[in-house]
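Okay, structure first, notes after.
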Amino acid sequence: MKKYLFSRLFWLALGLGAGVLSLATGLSQGKWGASLAGLGMVLMGCLWFLHPVLLRQSLSQQMQEVTATAIGSQRLRTVLLVLGMVLLWSGIVLRYGFDV
């Protein structure tokens with residue numbers, strides 16, 4: 002857990018900050034698109050905490066290092082990834098495509 006703590010906290014704060022702001026805006030205005038996109042960003046922030054994103058290493062080194070230091074099961078991270086992306090993209094389509 003100590004390994005890449007700053008990176009984990011940074012990506013968690015980024016996902017939660019953007020997600021909670023979009024979620025609060027969507028709920029206060031009654032916009033489903035912004036709410037779904039915000040919820041998707043919150044889930045992505047949680048995923049990025051469990052599986053940190055490293056920007057200074059090459060892709061092959063990054064995948065080996067991050068997979069070795071990931072928290073939680075692979076199934077949990079996969080569910081967070083799929084659900085977060087589905088909510089994020091459907092929220093973006095609803096928000097900008099249909100103004101809902």
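FYI, in the numbering used here the residues of the sequence shown are 2 to 101. Cβ atoms here follow ideal geometry from the backbone N, Cα and C, with glycine treated the same way. Here the structure is a predicted model, which means the values were calculated and not measured.
Candidates the options: closest to residue i by CA position
i	options	result
L51	S91, D100, T79, S29	T79
V21	E66, S8, L40, Y5	L40
Proximity of residue i and residue j at Cβ, strictly below 7 Å
i	j	result
L44	L13	no
W49	G92	no
A19	L89	no
A35	R96	yes
8 Å contact criterion, which residue i and residue j should meet: CB distance rounded
i	j	result
V94	K32	Rounded, the Cβ-Cβ distance is 13 Å, inconsistent with contact.
heavy atom of the ligand COA below 6 Å from residue i C-beta
i	result
G92	Judged by which ligands are present, the structure shown has none, so any question about the ligand COA falls away.
DSSP-derived helix/strand/coil call for residue i
i	result
G20	helix
S91	helix
L55	coil
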